[in-house]
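Colleague:
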Amino acid sequence: MNTIGNYAPDFEIPGIDQKVYHLGSYRRELKAIAVVFMSDIIEVNQYLERLKQIQTDFEGQKFTIIAIDSNYSPEPIAESMKVMQKYAQAKQLNFPYLRDSTQDVAKAFKAQVLPTVYLLDNEAVIRYQGRIDDGAASAQQVNHHYLRDSVAAMLGEQRIDRNYVEPVGAEINWRPQ
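Going by our numbering, the letters in the sequence shown line up with residues 1 to 177, in that order.
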């Protein structure tokens, strides 16, 4: 569902570093925030190096990626956080990795697919939504750098050429009703 131009829902959820992250505190400090719904699945792992590179390339320019795992897990939150910590260490993530154990954040954003990116401005307005790029299987196959180009445009106070690209990946694993 296209949510371009809408205000992003605020959230306050725990990260793997034992801190609680609040979207509102980032808005005061940054010009652009990329909220990425992800999990330890092949569809996300194919993009990880590119996400880490985007974080590195725009470091110091009032930008950050915030990754959120909203996939249902029957394990207690402490156990799922340990799994996420090991994953983050093994993959050397260079951005915050948060746990949405209630799935309320994913529902509020209307996220359906992993990975999905929501690029927010400092007013928390969604300016880009969708895919990271068009080369899921390989960085060598990328022709369109949707997230990278959108971040560069926002930081340069330029218009984002393509603000919505249908996300492709795996459906979020929702909690059984």
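Backbone N, C-alpha and C define an ideal beta-carbon position, used for all residues, glycine too.
The structure presented is a predicted model; accordingly, all values stated were derived computationally and were not measured.
(1) If you follow the alpha helix (DSSP H) that E79 is in, where does it begin and where does it stop?
(2) Where does A170 sit, in a helix, a strand or coil, going by DSSP?
(3) Alpha carbon to alpha carbon, how far is L48 from I54? Give it in angstroms, no decimals.
(4) Name the two residues that bound the continuous alpha helix (DSSP H) containing V53.
(5) Would the beta-carbon of M38 fall within 8 angstroms of that of D17?
(6) Contact between the segment 129-141 and the segment 74-93: three or more CB pairs below 8 angstroms?
(7) Suppose the cutoff is 8 angstroms on Cβ atoms and the five residues either side in sequence are ignored; what does the same chain contact list for I126 look like?
Modeller: In short, the structure shows the following:
(1) The residue given as residue 79 occupies position 79 in the sequence shown. Its alpha helix (DSSP H) spans residues I77 to K91.
(2) Residue mapping note: residue 170 aligns to position 170 of the sequence shown, counting from 1. Strand.
(3) Position 54 of the sequence shown, counted from the start, is the residue given in the question as residue 54. Position 48 of the sequence shown, counted from the start, is the residue given in the question as residue 48. Near 10 angstroms, if we compare the C-alpha coordinates of L48 and I54.
(4) Here residue 53 corresponds to residue number 53 of the sequence shown, with the count starting at 1. As written in the sequence, residue 53 is Gln, which differs from the Val given in the question. That run of the alpha helix (DSSP H) goes L48 to D57.
(5) Position 38 of the sequence shown, counted from the first residue, corresponds to residue 38. Position 17 of the sequence shown, counted from the first residue, corresponds to residue 17. For M38 and D17, no; Cβs fall outside 8 angstroms.
(6) no
(7) As a working mapping, residue 126 is identified with position 126 in the sequence shown. Cβ neighbours of I126 beyond the five flanking positions: T3, I4, G5, N6, Y7, A8, Y118, L119 and L120.
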